[in-house]
């Protein structure tokens, strides 16, 4: 039989119709929809061998132990290390996003080290008498810090500056404490090592004296809402009940409350008094309560090579005469406590000083320095982490890189050592060897969770495991001694006197660091109302009205050091007369602890 | 949706739901197909003209669908159930049988000066049929129809040899904005065509000499009277002056008298086209 | 010149005038299409909806429009199934309204979903337990039916009917229209109901949750009733509007009043049942879920006034007016009552969609507010403009009101009478 | 159209279920640090907030709310309440409403799953959920250049226009299942599978386990007098148990109280 075109068409039509009744075409469309999951702009996660690597978090002095889940070597998520004697396996929100920092959009990618070096050389050459070359080290106590001190000792009129050490470098032994009075210290929110604090939490009663209900106040056993700026008065009254009436006036508490509190502190010891920035009154109170040797202890220094001993002393910025620094290096590659730029600036010489900042982003002092040299950032950088404030024993751990830093990054210590005409060498390993030589303490290795006495370990094995995630903990052998003098030395952390020009007292709601956080942290303040965005202030609606910014979303924050734009959030839980501020570089430039401020319409 | 799809469960719920859905689809589809098939058949069997007239008739106002026997007063009110095709109407047959034969007084009726010769029968669409000796019939416009169209702008006549059917389109006439189809009074084959100037428009060889559907004799006057009323109404509805120009006697070319009137509507009304 | 497209014997304004009339609507449509386009291309971030106000202006629009469009199925049902001949005068208009409302709602929905390209998933992986599935199926089917019902109206156009195929097809199709009317009634019954069920089944939203018969929450039946009640009212309203705008008589008052009466009757029943339902909900359903009903109305501006307005002011009152022959006979009363009924149902849909989402469910929720973005409003206007345009064109070129010609002649006759009398 | 036979169906699932995973959250331990939120986002490839995002447009599978007792000044007390998908066990509101079966309860685990690749984005499920635990992708996900290197390979990023929510880190469940199979076990043993938020909580406030295993922390918490579940009266049988010794805190379980006209942009 012969086929006409009609038959063929019929056949094809029939075939098509039939095909529609089979799953095939529909399955295809379904898949098409699933493919569309990856339409342009939606990244495909890379696959690869999944491994666990260990290091220590360098984002804050706590230096928690970190287990990184890596895909083909690239960390994709971080977690704590269970059983770690220091951090107890507890991470924090900031630490959990550390592995994203290297890809931060605001990351500083290149600088001009040669020009900087030349400028420094020139400036050092014409550095006159009474003028100095200085290093400002935000995270003192590291091996690099020692390099700086050696370097500054090597150059004429070199000065080594660091932020005042909390409690003058003494350590807190929370495990011993039965009662803790916190004068606005964020004990449960960024103070000390989270894991350690939470582990000890069950054993002490926490009394939070703070004007507003901070995260710590919310979970304290008792919250004493005191008037803004009356912490000192309270501490004073607790030490010497005679002043209770005036303290009651200042704080807004009843005399009875104060006296009861005083009794409780003495009765149910050992007690500990903490304050946002070491208030002399708070320290004195500790002394009176006999905290020394109990809850407040002197922590022996982590061993250093004898060769390092000839080093410049550590000084606070305030101790340097004004307009005397000709060359200033600022190392902010490792975040530490922040000093308002306004305080630093007035120490620089008038005629073009040279300021070189080592930073991984332009958000810090880099905004003010002539030269900002890009550095590696955690988890790229290699640095040791000084013992945390709540670690009574000396510790040594290294933040070993999980990711290779990009090219053209500057190593601050190498740069400064070179400028001082010395060789930095491998300070980190030298110190490790020094520790090993001391033969004290034990080494806790993260991968296997084992503790081994140091004397059973070979030096290179020690060094190796430090780099693969381990921490050395000194034997805690702290003899009882008399109250140390350095704790009585007056601080410049007095609350500024009440003034009509700046009626509002600034309290920091979020950890006080200028360094950037991962973009993902935006979830916490943009996608929820859990935390405030950097450079934002919450204030009582009445305060807003009084300041003439009622209903405004933005305003200008003004202190005696300067002014900057901020976002404002009306919040009835903030008492009138104070500002609850989320730190940001701009804010930190003009606000220290206990700063008084005012807000004006933008 | 289909058993091999993800998440298809043989549950009562699914059965009822999909069952209802498919039923609806089938009903709707079959309705469409059914309509399509019917219309195909209708087209094949040349039903178009019948359907067009059926639609037109259906759309006529009730008052224009009156039975011829209402005109003559035999009924008070009766709507024509056969779309003006009395050949299939028993009622009509009965009435004719019972009626007395017309007494023809004079050869033609003069109504408002219009001539309606009684030697012919009239369709309600204003055509007449006149039997010729050669067994054919001539079909033309009656006087009112002629005056309505006056001097037509154009007339489209069918080709000789074509067929016409009762109430189907006989020819098209254009006048001003009016474009009307003239209804055929008879079934048959067109033998020759005349025109506006000829005495007749069409010469037709009818299938049967059956003119029961047409008006004659005494029916003519009441019918024309009624048509004049309708004309009046149509004219005034289309915004013409309330009375005819010359005291009621329609002029030769009525259209000319009402330049502003919507002539299309008037003709549509009078020639029974929707 | 479109003269030969316009039905013979009816008066329509000049082409120029018509152009002037549609121009603003076309402008509105273009603006609306632009904003809808933005939402489709850039995504729904263009709207002011959010995770808490997941539904907004559009869903309210859909529910309202579909309720008003119910006139199509219900008039069809009364005319073709219950053989109420008077309604022949408005059926075509009702069908066009139906087409407009349903197609408009479908377009709005297509913009409203996050992945319009996956619309067919609902048909392919239907979850028969979901009210939304049922709504989607029925609305799609019913829109098809409406289109088919619309077809004869189009093909009957004076010019188109010259094509024999069209003439014959629409003739034959119209003979079978009662089948479609039946199917349409069935479909509408279910999707109008399921639109109500949509919210009635939300166990997690005690403000909307209702108990009911077997598998259907009470809102299922209330929506059917209210839609059937308001459909004729809306037909009445539009007819009146068209008469006013076109300055013509299109429908006999009897037809209008019949629409009014039907509307009033159903509305009365609806109001009664709605009241009972509300009482049951306040005293049993809501407290049973741990939500004292009083608190819903403590969140201003949604006080109890909204309940009163919805049921009494815009429900009972129009029902009574429409049921009183004296008032019904007065166009003013008739039309305003119809308008009130429409507003009442619109308010009901608003309460169902917006208030449900606005009142908090968790103790630490804040009262939610939401104002649509201009893109949302634009899309809304697009649907509106589209409706007006489709209706305007249909009115101009198709025979929406079969009695128009006849009424025109009657008017003439009234003026004519004396003259005729004088002459015979 | 055909409503589920609400009682029987889930119960049947429950019987078939191998495990019923649940959670207990100790509100007396939560410091509101936000670690859980961040860990969740990292684990599930949730992108950083879009610049246009707000607390109402953002994607936070687990979100910590700060709730106060409504008092002023000294009497004021606050608590942090982490809210995530409550994994309702009885006629789960979101499952029955989804028009195209993009939401399902996994009979093996009792976990309410969401399939973004089948989601139409109609957001009906979001309207249905009383816990606001479902989130719509208002934008296409975006990561800063290079950061996509840090995405979790076990979870596919979602596109714009689909709904997503907490699934107890389904990727981790899968991994645990494979590990168990590799070890020749048929079931995952207690502790071998925990969601990211649980792992990341520094105070151990969030505990996770199988409610069928009487020894698991949630199972124990479920029996505690101080435990409660959000909106229990709705009868949806959530599997997240909250716990607090403070009476006023337990009030967050109840229906909202009428407003007292407080002005607070943070809440």
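Chains as they are written, first to last, in this note's numbering: chain A, 10 to 611; chain B, 3 to 276; chain C, -19 to 404; chain D, 11 to 277.
Glycine is no exception: its CB is placed at the ideal position from the N, C-alpha and C atoms.
Here the alpha carbons of residue -2/C and residue 47/C stand approximately 29 Å from one another. Its Cα nearest to that of residue 211/D, the residue 97/A stands out among 97/A, 170/A, 145/A.
Distance from the CA of residue 392/C to the CA of residue 276/B, rounded to the nearest whole angstrom, comes to 18 Å. In this chain, the beta strand (DSSP E) harbouring residue 460/A covers 459 to 462.
For the region 37 to 58 of chain B, the set of positions with a beta-carbon nearer than 8 Å to some beta-carbon of chain C reads 37, 38, 40, 41, 44, 45, 49, 50, 53, 54, 56, 57 in chain order.
Under the 8 Å Cβ criterion, the region 216 to 227 of chain D counts as touching the region 26 to 46 of chain D, having at least three qualifying pairs. Contact with chain B is found for residue 32/A, since one of that chain's Cβ atoms lies less than 8 Å from the residue's Cβ. Secondary structure of residue 162/C (DSSP, three-state): helix. When the alpha-carbon of residue 415/A is set against those of 112/A, 30/A, 469/A, the nearest one is in 112/A.
Across the region 103 to 114 of chain C, CB contacts with chain D closer than 9 Å involve 103, 104, 105, 106, 107, 108, 109, 110, 111, 112, 113, 114, in sequence order along the chain. Taking a cut-off of 8 Å on C-beta distances, the region 378 to 387 of chain C does not touch the region 22 to 37 of chain C, as fewer than three cross pairs fall below it. Cβ atoms of residue 213/A and residue 526/A stay farther apart than 8 Å, at about 30 Å.
In the assembly as shown, residue 285/C is an exposed residue. Its beta-carbon has fewer than 16 other beta-carbons within 10 Å. Within chain B, the residues whose beta carbon sits less than 7 Å from that of residue 393/C are 235, listed in sequence order. Cβ neighbours of residue 563/A within its own chain (closer than 6 Å, five residues either side excluded): 576, 611. A residue is called buried once 16 or more other Cβ atoms fall within 10 Å of its Cβ, and residue 219/A is buried on that count. The Cβ of residue 266/B sits closer than 8 Å to at least one Cβ of chain C.
The DSSP-derived three-state label of residue -17/C is helix.
For residue 246/D, the chain C residues whose Cβ falls inside 8 Å of its Cβ are 183, 184, in order along the chain.
The Cβ atoms of residue 285/A and residue 194/A sit closer than 8 Å to each other. Residue-level contact check: residue 270/B touches chain C, since one or more beta carbons of chain C fall below 8 Å from its beta carbon. The bridge partners DSSP lists for residue 65/A are 74/A. Residue 353/C and residue 65/D have their C-alpha atoms some 18 Å from each other. Close to residue -11/C, with beta-carbon spacing below 9 Å, are these residues of chain B in chain order: 236, 239, 240, 264, 266, 267, 268, 270, 271, 276. Taking a C-beta cut-off of 9 Å against chain C, none of the residues of the region 115 to 146 of chain B qualify. Against chain D, the beta carbon of residue 343/C has neighbours under 8 Å at 77, 261, 262, 263, 264, 265, 266, 267, listed in chain order. When beta bridges are read from the DSSP output, residue 28/A appears opposite no residue.
Taking every protein chain shown into account, the CB of residue 153/B has fewer than 16 other CB atoms within 10 angstroms, so this residue is exposed.
Per DSSP, the continuous beta strand (DSSP E) segment holding residue 124/D begins and ends at 122 to 124. For residue -5/C, there is no enclosing beta strand (DSSP E); the residue is found in the alpha helix (DSSP H) stretching over -5 to 22. For the pair residue 386/A and residue 369/A, the CB atoms are nearer than the 8 Å cut-off.
Against residue 124/C, the close residues of chain B are 30, in the order they occur along the chain (beta-carbon pairs closer than 8 Å). Residues of chain D whose Cβ lies closer than 7 Å to the Cβ of residue 230/A do not exist, since the nearest Cβ in that chain is about 11 Å away. Shown here, residue 266/D sits in coil according to DSSP, grouped into three states, outside any helix or strand. With a cutoff of 8 Å on beta-carbon distance, residue 257/C and residue 266/D are scored as not near each other. For residue 15/B, the chain C residues whose C-beta falls within less than 7 Å of its own C-beta are 108, 109, listed in chain order.
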